[in-house]
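Novice: Input: one structure, supplied below.
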Amino acid sequence: MALTEKKAATNAKYMAKLDRIVLQPSKDEGTTIREAAASAGESVQGYCLAAIRARMERDSAANQSEEAHHD
Numbered sequence: 004m005a006l007t008e009k010k011a012a013t014n015a016k017y018m019a020k021l022d023r024i025v026l027q028p029s030k031d032e033g034t035t036i037r038e039a040a041a042s043a044g045e046s047v048q049g050y051c052l053a054a055i056r057a058r059m060e061r062d063s064a065a066n067q068s069e070e071a072h073h074d
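Residue numbers (the working numbering): 4 to 74.
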């Protein structure tokens, strides 16, 4: 089933808004990540993005705490 021109244009516009980051874990680690995502009821992408966001929040809070102690 071919995409209509309008659908193809809509897809291209949406894809232009996205960044692409490629992760290449070992086979064993990839399996573990997929199993953890499935167990959480999430897609692998959603699971990884949630983990990355949580890490960024923790790092940001730690950095702010360190800066407060230096003031």
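Virtual Cβ for every residue (Gly too), placed ideally from N, Cα, C.
Give the list of continuous alpha helix (DSSP H) stretches no shorter than 4 residues that lie fully inside the stretch 6-31.
Specialist: 8-19
Novice: Please check the pair A75 and S46, which I expect to be a contact at CB under 8 angstroms, by giving their CB distance rounded to whole angstroms.
Specialist: Residue 75 lies beyond the stretch modelled for the chain, which goes from 4 to 74, so this question has no answer here.
Novice: Alpha carbon to alpha carbon, what distance is there between G49 and S63?
Specialist: Reading the sequence shown from its first residue, position 60 is the one you call residue 63. Reading the sequence shown from its first residue, position 46 is the one you call residue 49. Cα to Cα, S63 sits roughly 21 angstroms from G49.
Novice: What is the DSSP secondary structure of E69, counted as helix, strand or coil?
Specialist: Counting from 1 along the sequence shown, the entry for residue 69 is found at position 66. Helix.
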